[in-house]
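Notes to accompany the following structure.
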């Protein structure tokens with residue numbers, strides 16, 4: 266793998282770590298820069314992965330996941346106020362870009378995970394039919410690759426939509 270790709274993978278991980286440490290705006294900006302660089306250098310695999318990661322960042326906002334400490338919330342109040350109202354739409358957009366790109370290049374792992382987490386988003390937004398479609402598609406792909414832990418997790422998510 267080329268050094269430019271390795272550098273961008275490291276920067277993507279750094280963005281995720283920065284967000285996890287409670288510096289949400291900075292981490293998100295790092296992820297967006299990496300995504301754009303990957304698009305510019307036409308590395309479709311890691312571009313799809315970056316779209317998937319961004320989709321998950323916004324999904325965590327929708328689900329209310331992530332840091333809950335008062336100090337972290339206070340430090341990120343601007344980020345939260347700016348991003349929370351559109352988090353579901355942004356998450357869906359990023360997951361759909363990951364899906365389109367993954368289909369185009371045959372990246373089944375990214376494809377299945379993007380479907381699974383798009384299903385989580387639809388479930389969180391009470392769009393049960395769409396959630397079930399996404400979970401079912403993810404299961405179909407995971408079964409093809411015998412990804413047992415993902416199959417189990419996605420089947421549980423699908424079953425939870427039928428309660």
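In the numbering used here, the protein residues as written are 266 to 428. Idealized CB from N, CA, C, for every residue including glycine. Owing to the predicted nature of the structure, the values given are computational and were not obtained by experimental measurement.
Query: Assigned exposure category for residue 277 - 16 Cβ within 10 Å defines buried; Result: buried
Query: Inter-residue Cα distance where the pair is residue 363 and residue 353; Result: 15 Å
Query: Chain-order list of residues whose beta-carbon lies under 8 Å from that of residue 390 (same chain, five-residue window excluded); Result: 327 and 353
Query: Within 8 Å, strictly: CB atoms of residue 300 and residue 312; Result: yes
Query: Supposed close pair residue 359, residue 320 - CB separation, criterion 8 Å; Result: 4 Å
Query: Identity of the residue in 348, 310, 303 and 309 nearest residue 324 by Cα; Result: 348
Query: CA-to-CA distance, residue 423 to residue 350, given in whole angstroms; Result: 26 Å
Query: Segment limits, alpha helix (DSSP H) that includes residue 389; Result: 373-389
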